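A quick write-up on the structure given underneath.
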Amino acid sequence: MNQDTLADEVTGRITRMALQISSDLLSPEQSDMKLAYQNLLQAFPAGMDVQLFADSASAVDVNRWVAGLNLSCCPAVTARPDGEVTNTPSWIRDAFLRGERSGRRTYVKCVISAGRGDQANWISAIDGTPVVKVPDTYLDGGDSLVGPDFRLVGKTALYRTGNEIGGYLCKPAVALARLKALDTRPLTVVGYFPQSIRDKSSWIKFELQRRMQESRGSAPLAAGIPPTLPISLAMMRALIATITDLLLNRLTQSWLHTDQVVAVTGRREAGTKGTLLVAEIMPTGNGGQSEGPMADCLRALSEYLRGSGYKVINNPTRYKNAPLAYNNTIVQTGPDIVWLPQFSTNGEFADTDAANRKIWCDLGFEVRPVDGWMAFHQSSGAIRCATNVLERQ
-11 MNQDTLADEV TGRITRMALQ ISSDLLSPEQ SDMKLAYQNL LQAFPAGMDV
39 QLFADSASAV DVNRWVAGLN LSCCPAVTAR PDGEVTNTPS WIRDAFLRGE
89 RSGRRTYVKC VISAGRGDQA NWISAIDGTP VVKVPDTYLD GGDSLVGPDF
139 RLVGKTALYR TGNEIGGYLC KPAVALARLK ALDTRPLTVV GYFPQSIRDK
189 SSWIKFELQR RMQESRGSAP LAAGIPPTLP ISLAMMRALI ATITDLLLNR
239 LTQSWLHTDQ VVAVTGRREA GTKGTLLVAE IMPTGNGGQS EGPMADCLRA
289 LSEYLRGSGY KVINNPTRYK NAPLAYNNTI VQTGPDIVWL PQFSTNGEFA
339 DTDAANRKIW CDLGFEVRPV DGWMAFHQSS GAIRCATNVL ERQ
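The sequence shown maps to residues -11 to 381 in this note's numbering.
As structure tokens, then:
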């Protein structure tokens, strides 16, 4: 019988990585985004192969750009049919998980939103790695964090596995079993309990707004709430769901993906499952009405994870429509290195950049700061989202 497992986030030296470069990244209007990718590529060491995917129309330009960066890593640009990379809206991390079946590497492609691309197939065409399709499970790579001997999966993945896949709708216990079937490690579903929220009135307003935005922007895969509901009915449903979650104290996720606010360190203290970094918002007073409720949600998340057996180190972040994604990291051991996104522009956020570098340094890691990632803050991601680790040694 085949035994499926998933690769963990930290163990081993990274030897092969994948990124995708959209054609518009090279345009003058996107110079800040191009600089962020340049900084990331220049932070990768010798001995790391980096597979870059580009549209065929821009592959020559991408090759020329990469050749001028004087990189230590070994880049290789692969052309895809015109527009395929640029028109793929998802981060490459979300498109597939790296797994193993009976001792052989696999690329695990769960059913995710209709807008996701075929990056796993692109890479498989190069290296021959089998693509394992999992049609009954909804799991973005950003909502899947794997430690050496534990797994974290966002509550959103559990909900969508049970409620948004046509032909596979199921009860929560069945959805949980599907997520567990991807790997043998003990699984923790990540979120927070609404009853742990201190300011419940502000939280209700915050959640109602968030759920309304989500309903307008989502494209359901199966029978469910149509995306074009009248706003009054959609608001009523969102309000009922929010109040019900509060009264029943249902586990809740108020961020897009878990890897925006939680990082696996690979460290472990006796008596704990492992050490996690969990974002803590440092209030600025200019973060808007959502800053306080989101800070409350993250405090409740820390409480939940501690109660689940993890050691939690709170790392500072700022709020600018969403928490700055300092925990969207790339981590390896042997040697112990963390690639850490930085968000300072003109000195703003320099203090939290430095504080996060110190936390990882205190954990015993060589810190490689990667500047410029405020350019992608509105895209809800940073360097983990932009990459997918293919091989470690």
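Even for Gly, the Cβ is constructed at its ideal location relative to N, Cα and C.
Please read these numbers as outputs of a predicted model, since none were measured by experiment.
Run the CB neighbour count on residue i, radius 10 Å, all protein chains shown included, and call it buried at 16 or more, exposed below.
i: Glu354; result: exposed
i: Thr272; result: exposed
i: Asp284; result: buried
i: Met224; result: exposed
i: Gly297; result: exposed
i: Pro281; result: buried
i: Phe364; result: buried
i: Cys373; result: buried
i: Asn390; result: The structure shown does not extend to residue 390, since the chain spans only -11 to 381, so no value can be given for it.
i: Arg204; result: exposed
i: Ser90; result: exposed
i: Leu286; result: buried
i: Ser56; result: Checking the sequence shown, residue 56 turns out to be Gly, not Ser. When all chains shown are included, Gly56 counts as exposed.
i: Glu257; result: exposed
i: Asp15; result: Correcting the residue identity first, residue 15 is Ser in this sequence and not Asp. When all chains shown are included, Ser15 counts as exposed.
i: Gln(-9); result: exposed
i: Pro311; result: buried
i: Pro69; result: exposed
Relative to the C-alpha of residue i, which candidate in the options has its C-alpha closest?
i: Ser11; options: Tyr307, Ser19, Lys308; result: Ser19
i: Ser46; options: Ile9, Gly360, Ser78, Tyr25; result: Ile9
i: Tyr95; options: Ala64, Glu336, Ala(-5), Gly262; result: Ala(-5)
i: Val178; options: Leu40, Leu164, Asp187, Asp339; result: Leu164
i: Cys62; options: Lys22, Arg4, Lys97, Tyr25; result: Arg4
i: Arg199; options: Leu157, Ser290, Leu264, Ile231; result: Ile231
i: Gln299; options: Tyr307, Val266, Arg306, Asp324; result: As written in the sequence, residue 299 is Lys, which differs from the Gln given in the question. Comparing Cα positions, the closest option is Val266.
i: Ala222; options: Gln201, Asp233, Leu235, Leu234; result: Gln201
i: Gly352; options: Val319, Pro329, Ile371, Thr333; result: Val319
i: Val48; options: Lys261, Ala343, Ala64; result: Ala64
i: Ser189; options: Cys158, Glu(-3), Leu234, Pro174; result: Leu234
i: Ala400; options: Lys168, Arg86, Tyr314, Leu167; result: Residue 400 is absent from the structure shown; the chain starts at -11 and stops at 381.
i: Leu7; options: Pro16, Pro69, Ser78, Ile325; result: Ser78
i: Gly295; options: Gly259, Ile325, Leu312; result: Gly259
Measure how close the beta-carbons of residue i and residue j come, nearest whole angstrom, since I'm counting them as under 8 Å.
i: Ile2; j: Arg345; result: With 8 Å as the limit, Ile2 and Arg345 do not qualify as a contact, their Cβ atoms being about 20 Å apart.
i: Asn27; j: Val358; result: 5 Å
i: Thr317; j: Trp327; result: 6 Å
i: Leu40; j: Thr76; result: At roughly 14 Å, the Cβ-Cβ gap does not stay under 8 Å, so Leu40 and Thr76 are not in contact.
i: Ile269; j: Tyr307; result: 5 Å
What's the gap between the Cα of residue i and the Cα of residue j?
i: Phe194; j: Arg93; result: 42 Å
i: Arg139; j: Leu133; result: 6 Å
i: Thr253; j: Ser220; result: 44 Å
i: Leu170; j: Asp131; result: 14 Å
i: Trp53; j: Gly275; result: 37 Å
i: Ser368; j: Trp361; result: 11 Å
i: Pro33; j: Ser60; result: 5 Å
i: Asn309; j: Ser278; result: 7 Å
i: Tyr156; j: Pro123; result: 8 Å
i: Arg356; j: Leu239; result: 35 Å
i: Gly35; j: Asp187; result: 50 Å
i: Thr(-1); j: Pro136; result: 7 Å
i: Ser206; j: Ala161; result: Residue placement at Ser206 is flagged as unreliable, the pLDDT there being 47, under the threshold of 50; the coordinate-derived value follows with that caveat. Going from the Cα of Ser206 to the Cα of Ala161 covers about 24 Å.
i: Asp43; j: Lys121; result: 25 Å
i: Ile153; j: Ala113; result: 27 Å
i: Gln30; j: Leu23; result: 10 Å
i: Ile213; j: Ile192; result: Legend: pLDDT at Ile213 = 41, less than 50; position of this residue unreliable, value from coordinates given subsequently. Each residue's Cα considered, the two are about 21 Å apart.
i: Cys151; j: Cys158; result: Checking the displayed sequence, the identity of residue 151 turns out to be Asn instead of Cys. In a straight line, the C-alpha of Asn151 is about 7 Å away from that of Cys158.
i: Gly322; j: Thr263; result: 18 Å
i: Gln107; j: Arg86; result: 12 Å
i: Met21; j: Trp110; result: 24 Å
i: Asp350; j: Ala251; result: 15 Å
i: Ala342; j: Pro182; result: 32 Å
i: Ser332; j: Leu289; result: 26 Å
For chain C, find out if any of its Cβ atoms is closer than 9 Å to the Cβ of residue i; answer yes or no.
i: Leu378; result: You won't find chain C in this structure, because it holds only one protein chain.
(message) Quick check: the stretch 226 to 246 against the stretch 143 to 150, are at least 3 beta-carbon pairs closer than 8 Å?
(response) yes
(request) May I ask you to verify whether the stretch 77 to 84 touches the stretch 114 to 131, counting CB pairs closer than 8 Å and requiring at least 3? (result) Counting Cβ pairs under 8 Å, three or more are found: they touch.
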